[in-house]
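Student:
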Amino acid sequence: GAVVSQHPSRVICKSGTSVKIECRSLDFQATTMFWYRQFPKQSLMLMATSNEGSKATYEQGVEKDKFLINHASLTLSTLTVTSAHPEDSSFYICSARPNRAGVTDTQYFGPGTRLTVL
Amino acid sequence: SQQGEEDPQALSIQEGENATMNCSYKTSINNLQWYRQNSGRGLVHLILIRSNEREKHSGRLRVTLDTSKKSSSLLITASRAADTASYFCATAGTSYGKLTFGQGTILTVHP
Chain A
952 GAVVSQHPSR
962 VICKSGTSVK
972 IECRSLDFQA
982 TTMFWYRQFP
992 KQSLMLMATS
1002 NEGSKATYEQ
1012 GVEKDKFLIN
1022 HASLTLSTLT
1032 VTSAHPEDSS
1042 FYICSARPNR
1052 AGVTDTQYFG
1062 PGTRLTVL
Chain B
205 SQQGEEDPQA
215 LSIQEGENAT
225 MNCSYKTSIN
235 NLQWYRQNSG
245 RGLVHLILIR
255 SNEREKHSGR
265 LRVTLDTSKK
275 SSSLLITASR
285 AADTASYFCA
295 TAGTSYGKLT
305 FGQGTILTVH
315 P
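First to last, the sequence lines map onto chains A and B.
Residues 952 to 1069 (our numbering) are what the first sequence spells out, left to right.
Residues 205 to 315 (our numbering) are what the second sequence spells out, left to right.
1) Classify Asp-978 of chain A as helix, strand or coil using the three-state DSSP reduction.
2) Can you find a C-beta in chain B that's less than 9 Å from the C-beta of Tyr-1009 of chain A?
3) Output yes if chain B places a C-beta closer than 9 Å to the C-beta of Ala-995 of chain A; else output no.
4) Measuring straight from C-alpha to C-alpha, what distance separates Thr-312 of chain B and Gln-993 of chain A?
5) Verify the CB distance criterion: does Thr-304 of chain B have a CB-CB separation below 9 Å to chain A?
6) In whole angstroms, what separates the C-alpha of Leu-1069 of chain A from that of Lys-274 of chain B?
7) Can you tell me the Cα-Cα spacing of Ser-1040 of chain A and Ser-969 of chain A, whole angstroms?
8) Under 8 Å Cβ-Cβ, which residues of chain A neighbour His-249 of chain B?
9) Can you tell me whether Glu-1038 of chain A is helix, strand or coil according to DSSP?
10) Could you give the residue range of the beta strand (DSSP E) that holds Ser-1024 of chain A?
11) For Leu-155 of chain B, go through chain A and note every residue whose CB falls closer than 9 Å to its CB, in chain order.
12) According to DSSP, is Ala-282 of chain B part of a helix, a strand, or is it coil?
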């Protein structure tokens, strides 16, 4: 159990276009999901905390108008990179924290989405 | 911001040897977690140790936590080539809190 999927796994787009990445918890509900960005050979940087039914909380330095987050249900959060530019090319990873009692401090990570902006 | 500092940044060993990775952090924590990431893939949760625990085992993994020194170590015993990956520590300020990741250690196990 506790599987998180991401779609797409890889996307290549032209500069100026918008890209939507989906994060789904497949066998559990998650009120809270997290979005991270990882540049090559670097660690994960938290971008924002996604909360079902409310606005996302963004980390300092992350543009909320550029990285739109929608947590529409207890199993789905989406990250939209608007007007993507080459510097947005990165590996985007989501994680989800189960609502199940006793499992509140463990996050389960998706397989990541590789975004390349030409 | 990145709280955790890990050392070494890279570790190369032979199969069968033990691998030790260290993680230091700056602020108080509720728990510390270790993750593994294979190249270009997502993260796999390895083990979680809470601030009131000092040592934890899971299979070939042994994690220690010293809150007075704000440091943790991950020991992988009898390493295998399949253990080759990047290993990250991550701290949580509260039980429900967001994770702050360390810089990671790249482990290479030669067959």
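For each residue, glycine too, the CB sits at the ideal point set by N, CA and C.
As the structure is a computational prediction, the values presented were derived from the model and not from experiment.
Tutor: So, from the data block:
1) Within the first sequence, the letter at position 27 stands for residue 978 of chain A. Residue state, collapsed to three classes: coil.
2) The residue given as residue 1009 of chain A occupies position 58 in the first sequence. No, because no Cβ of chain B sits closer than 9 Å to the Cβ of Tyr-1009 of chain A.
3) Stepping through the first sequence from its first residue, residue 995 of chain A is reached at position 44. It should be pointed out that residue 995 of chain A corresponds to Leu in this sequence rather than to Ala. By this cut-off, Leu-995 of chain A is an interface position.
4) Here residue 312 of chain B refers to the residue found at position 108 when the second sequence is read from its first residue. Here residue 993 of chain A refers to the residue found at position 42 when the first sequence is read from its first residue. Thr-312 of chain B and Gln-993 of chain A: Cα-Cα distance of roughly 17 Å.
5) Translated into the one-based positions of the second sequence, residue 304 of chain B becomes position 100. Taking Cβ atoms only, chain A reaches closer than 9 Å to Thr-304 of chain B, which makes this a yes.
6) Reading the first sequence from its first residue, position 118 is the one you call residue 1069 of chain A. Reading the second sequence from its first residue, position 70 is the one you call residue 274 of chain B. Those two C-alpha atoms are separated by around 42 Å.
7) Residue mapping note: residue 1040 of chain A aligns to position 89 of the first sequence, counting from 1. Residue mapping note: residue 969 of chain A aligns to position 18 of the first sequence, counting from 1. One C-alpha to the other measures close to 12 Å.
8) Here the question's residue 249 of chain B lines up with position 45 in the second sequence. Within 8 Å Cβ-Cβ: Thr-1057, Gln-1058, Tyr-1059, Phe-1060.
9) Here residue 1038 of chain A is taken as the residue at index 87 of the first sequence, counted from 1. Here Glu-1038 of chain A sits in helix by DSSP.
10) In the first sequence, residue 1024 of chain A corresponds to position 73, counting from 1. Taken as a continuous stretch (DSSP letters only), the beta strand (DSSP E) holding Ser-1024 of chain A covers 1018 to 1024.
11) Any question about residue 155 of chain B goes unanswered here, given that chain B covers just 205 to 315.
12) For the purposes of this step, residue 282 of chain B is identified with residue 78 of the second sequence, where counting begins at 1. Coil, per DSSP.
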